[in-house]
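A quick write-up on the structure given underneath.
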């Protein structure tokens, strides 16, 4: 829910407006135009200033705030308003219809079907089909038969769907795509409650906007100020900033200039600084390069193939659920996966291929492997590098990764992972442990280091390196292993 409220100004002690000359000299044009345009009995709102003076909403509220601070304006009332604004999802519903009505129509024409079959036929997500079926089954419109198929009962289409379609059609015809609560009937408001944004629901046809209409009136003290403005010939149209176009055209000769107020302190200059985290990442890069590593990088958008399949992560792995990765809406899939990598990896997943492993023993999904996602782990960089790396060679990358998280003061949906591989004919577990200790000491500044057995689908053995912090105690610095 977005809330819009004009800022309240703080009333200061009532000043005697003795020095009118100084006051009118320091008035902003936004204030001047209001004082010259309106009288004591005029009710002023942001909308009125936008309509009659051509102000933007922010300019109108700023004028009210400044005039209120000078006791030339007083707030008289605040009236709350609730609006329902059509979302992009609502516009999609306006074109294609609700999932519920599409399901009913499909079952009427085609008879009972499994929910995944309906989702596939209508091009809808399984979660949307499940939610729609749940609502319609409670209303007696659909039921699940003995074969676990959704079936239409013949009951009338719920009235709420008809009202919902009318609300969307009504909002679609408006320039701002908004409906005010006062123009809706009780039945429409009841239906709208189920169509607006709710916590935990990603897409709804409407979002709720709360706004206030604040009304102001000029105080009696404004009259002497307005009179002084007229006598001084100040209109609010004075030139405040001389532009190159004015100099070129000579228009500046036709106007008058606003005077400078040299009593106002200058704006504080805040110089740009390098972000501390960016500085840290750069220092890690410098240290790794000084240790003889060569940097690699890759795209932020990856296929499920490179992000997981090529790393021997099964396609049914929990970390590959939609709640842990971000899928692309458009395009949703890559056109193809390079060969022979696709065939080789698919065979390893199915039965181990020619590796001697039993694999994961499931039917590899060639459609799933082409799906496009935001990179969720840095190891994908190593997967890309393996087939073109030099031997011997040492490589690293600082990868920006994306995983679902609830954003707050300490959590974001993106983070950085430092990834690296070492290739050579004589490297072994002792080599790996030596590198891990070197990283812990040289980069993390650790004095105490230990190794803990770990598990990753793509390495065997897998090892976690832990270091001891003087206050936090032992914690994991990173995971590692020898590629299978």
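In our numbering, the protein residues as written are 387 to 870.
Ideal Cβ placement from N, Cα and C applies to all residues, glycine included.
Quick check on residue 695: buried or exposed, where buried means 16 or more other Cβ atoms within 10 Å of its Cβ?
Buried: at least 16 other Cβ atoms inside 10 Å.
What span of residues does the alpha helix (DSSP H) with residue 609 cover, start to end?
Here the alpha helix (DSSP H) through residue 609 covers 608-618.
With distance defined between alpha-carbon atoms, name the residue in 538, 533 and 511 nearest to residue 524.
Measuring from the Cα of residue 524, the nearest candidate turns out to be 538.
State yes or no: is the C-beta of residue 809 within less than 9 Å of the C-beta of residue 840?
No, the Cβ-Cβ distance between residue 809 and residue 840 is not below 9 Å.
Roughly how many angstroms lie between the CA atoms of residue 739 and residue 679, to the nearest whole one?
One C-alpha to the other measures close to 33 Å.
Using the DSSP secondary-structure output, state which residues sit across from residue 760 in a beta bridge.
Answer is 687, bridged to residue 760.
Can you say whether residue 824 is buried or exposed, counting buried as having 16 or more other CB atoms within 10 angstroms of its CB?
Flag for residue 824 reads exposed.
Tell me whether residue 633 is buried or exposed, calling it buried when 16 or more other Cβ atoms sit within 10 Å of its Cβ.
Exposed, since its Cβ has fewer than 16 Cβ neighbours within 10 Å.
Suppose contacts are defined by Cβ-Cβ distances below 9 Å. Is residue 609 in contact with residue 466 by that definition?
No. Outside cutoff.
DSSP three-state label for residue 868, please.
Correct three-state label for residue 868: strand.
Which residues does DSSP pair with residue 578 in a beta bridge?
DSSP lists no partner for residue 578.
When the Cβ atoms of the region 680-689 are set against those of the region 733-747, are three or more pairs found closer than 8 Å?
No, because fewer than three Cβ pairs between the region 680-689 and the region 733-747 fall closer than 8 Å, the two stretches do not touch.
Round the Cβ separation of residue 439 and residue 423 to the nearest angstrom and send it over; I've been treating them as touching at under 8 Å.
So it is a contact: roughly 7 Å between Cβ atoms.
How is residue 534 classed by DSSP in three states: helix, strand or coil?
Of the three classes helix, strand and coil, the one that applies to residue 534 here is coil, per DSSP.
Pick out whichever of 827, 479 and 662 has its Cα sitting closest to the Cα of residue 557.
Taking only the C-alpha atoms, the option nearest residue 557 is 479.
Would you decide whether residue 660 is buried or exposed? Buried here means 16 or more other CB atoms lie within 10 Å of its CB.
Residue 660 is exposed by the Cβ-count criterion.
How long is the line joining the alpha carbons of residue 662 and residue 669, rounded to whole angstroms?
Each residue's alpha carbon lies about 11 Å from the other.
Within this structure, are the beta carbons of residue 644 and residue 625 separated by less than 9 Å?
A contact, by the Cβ cut-off of 9 Å.
With distances taken Cα to Cα, identify the nearest neighbour of residue 594 among 473, 827, 863 and 619.
Cα-wise, what sits closest to residue 594 is 473.
I think residue 520 touches residue 591, with their Cβ atoms under 8 Å apart; what is that distance to the nearest whole Å?
At roughly 18 Å, the Cβ-Cβ gap does not stay under 8 Å, so residue 520 and residue 591 are not in contact.
For the beta strand (DSSP E) containing residue 904, name the first residue and the last one.
Residue 904 falls outside the range modelled here, since the chain spans only 387 to 870, and no answer is possible.
Looking at C-alpha atoms only, which residue of 436, 800, 772 and 782 is the closest neighbour of residue 676?
Per the Cα distances, 782.
Could you name the residues of the same chain whose beta carbon sits closer than 8 Å to that of residue 393, not counting the 5 residues immediately before and after it, in chain order?
Model confidence at residue 393 stands at a pLDDT of 45, short of 50, so the residue's coordinates are unreliable; what they give is reported in the following sentence. Correct list, in chain order: 447 and 451.
On a CA-only basis, which of 658, 767, 428 and 547 is nearest residue 576? Give me that one, please.
Minimum Cα distance to residue 576 is reached at 547.
Beta-carbon within less than 6 Å of residue 566's beta-carbon, same chain only, minus the 5 sequence neighbours each way: which residues are those?
The residues are 469.
Round the Cβ separation of residue 611 and residue 409 to the nearest angstrom and send it over; I've been treating them as touching at under 8 Å.
Residue 611 to residue 409, Cβ: 6 Å. Contact.
Any idea if residue 536 is buried or exposed, counting beta-carbon neighbours within 10 angstroms, 16 or more meaning buried?
When all chains shown are included, residue 536 counts as buried.
Do you know offhand how far residue 406's Cα is from residue 642's?
One C-alpha to the other measures close to 20 Å.
Candidates 804, 762 and 771: which alpha carbon is nearest residue 791's?
Here the closest residue by C-alpha is 762.
Apart from the five residues on each side of it in sequence, which residues of its chain come closer than 6 Å, Cβ to Cβ, to residue 371?
An answer regarding residue 371 cannot be provided, because it is not within the stretch 387 to 870 covered by the chain.
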